[in-house]
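Q:
Structural data, given as structure tokens:
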């Protein structure tokens, strides 16, 4: 059964003092707030923090003790509080005095490996602690919680033709990362409905940081050669042999297509689009109690974009019909556009150009995931 987006909170469900503040914030967009950001050392958190510091906000990052990436937090002018998301007291201390919380911290595949217990403690208990700390503070005006499109099952054998709305698909993830994120969405739902907490959920598409678009595995032929090598299925062997004949070393890009020749399609999001979403949504009562997908202005069509990427990399590319479950989906962004003016500023070519510029100079508009 699909989990539908939460309805907007009515004005009468909010305490009068908080409601007055929220209306003032939404109408006047005050110049400074005290913002706590968990996950501030990650690909998204550091860049969001840099932007909000630049806008004049007082930003504090909640980091794991000894995090080697903490250096970049100091460089952007944010404060640091060390602690464990699974510790109620640590989170309560970090949230003291905050007026907004961007909860980006999580255990996920790229940062692991993590055990199921760690996924639960960091993601579920950590989110519970954030929501409890927010509820206990009279000063909290908005919590924006980060979820993922990994909560949804997006890979049926035939792909998905219609753009995916927030409530189109069941939250059916079974990976520990995706499943714990499903639980966190339910937690936010509970605190909105039961406690009138002004909270919003952002569901990120596959997110790109500095230079990362160039390394996405499904753009590269080698990925599929490794996947199909040794298969005893005739059509898989045939596809592998075709790629082996064309492959002449990395990088060799691929226009991935399904077994009927339809090129793949997938929605990504780049950190600068995410920053734009946080700017527009912060303090906006229209977003309270709702879940929004965040993705780029347009989906990535392998047929259109791989030739452009190959040209920029001076690399060959080959179209291959792959006898495997295809990637074929895009998101309907109408809810975020309607409620908080989400208008992703970047084209896919902008993202690729920025990634190449970073790769060539190690500098660019985005703070890298690792420094």
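Residue numbers (this note's numbering): 1006 to 1376.
All C-beta atoms, glycine included, are put in the ideal place defined by N, C-alpha and C.
Using the Cα positions of residue 1199 and residue 1329, report the straight-line distance between them to the nearest angstrom.
A: Straight-line Cα distance between these residues: approximately 44 Å.
Q: Please determine if the stretch 1123-1130 and the stretch 1098-1109 are in contact, where contact requires at least 3 C-beta pairs separated by less than 8 Å.
A: No: the two stretches stay apart, fewer than three of their Cβ pairs being nearer than 8 Å.
Q: Check this for me: beta carbons of residue 1299 and residue 1276, under 8 Å apart or not?
A: The answer is no: Cβ separation not under 8 Å.
Q: Considering only their Cβ atoms, is the gap separating residue 1187 from residue 1202 smaller than 8 Å?
A: In this structure, residue 1187 does not lie closer than 8 Å to residue 1202 by Cβ.
Q: How would you call residue 1270, buried or exposed, if buried means at least 16 neighbouring beta carbons within 10 angstroms?
A: Buried is the call here.
Q: Tell me, please, whether the stretch 1337-1347 touches the stretch 1237-1249 by the rule of three or more beta-carbon pairs shorter than 8 Å.
A: Result no; under three Cβ-Cβ pairs closer than 8 Å.
Q: Whether or not the stretch 1042-1058 and the stretch 1081-1094 are in contact is what I'm after, with contact meaning three or more pairs of Cβ atoms, one per stretch, closer than 8 Å; do they touch?
A: The stretch 1081-1094 is in contact with the stretch 1042-1058.
Q: Assuming residue 1052 contacts residue 1096 (C-beta within less than 8 Å), just tell me the rounded distance between them.
A: Actually they are not in contact, since the Cβ atoms of residue 1052 and residue 1096 sit about 23 Å apart, beyond 8 Å.
Q: Considering only the alpha carbon of each residue, which of 1323, 1294, 1048 lies closest to residue 1077?
A: Minimum Cα distance to residue 1077 is reached at 1048.
Q: Between residue 1132 and residue 1067, what straight-line distance do the alpha-carbon atoms span, to the nearest angstrom?
A: Approximately 13 Å, taken between the alpha carbons.
Q: Is it right to say residue 1191 is buried, meaning 16 or more other beta carbons lie within 10 angstroms of its own, or is it exposed?
A: Result: exposed.
Q: Among residues of its own chain, excluding the 5 on either side of residue 1196, which ones have a beta-carbon nearer than 7 Å to its beta-carbon?
A: Taken in chain order, the residues that qualify are 1136, 1140, 1202, 1204.
Q: What are the start and end residues of each continuous alpha helix (DSSP H) run of 4 or more residues lying completely inside the stretch 1313-1359, in chain order?
A: DSSP runs (the alpha helix (DSSP H)) wholly in the stretch 1313-1359: 1339-1345.
Q: At which residue ranges does the stretch 1249-1294 contain complete alpha helix (DSSP H) runs of 4 or more residues, listed in the order of the chain?
A: Segments of the alpha helix (DSSP H) lying fully in the stretch 1249-1294: 1276-1286.
Q: Go ahead and pull the three-state DSSP assignment for residue 1087.
A: Strand.
Q: For residue 1359, count neighbouring C-beta atoms within 10 Å of its own C-beta (all shown protein chains included) and say buried if the count is 16 or more, exposed if not.
A: When all chains shown are included, residue 1359 counts as buried.
Q: Please classify residue 1048: does DSSP put it in a helix, a strand, or coil?
A: In the structure shown, residue 1048 sits in coil (DSSP, three-state: anything other than H, G, I, E or B).
Q: Quick check on DSSP: helix, strand or coil for residue 1039?
A: Three-state DSSP puts residue 1039 in a strand.
Q: By how many angstroms is the C-alpha of residue 1372 removed from the C-alpha of residue 1240?
A: Cα to Cα, the separation comes out at about 43 Å.
Q: Could you tell me which residues DSSP pairs with residue 1379 in its beta bridges?
A: Because the chain spans 1006 through 1376 in this model, residue 1379 falls outside it and cannot be assessed.
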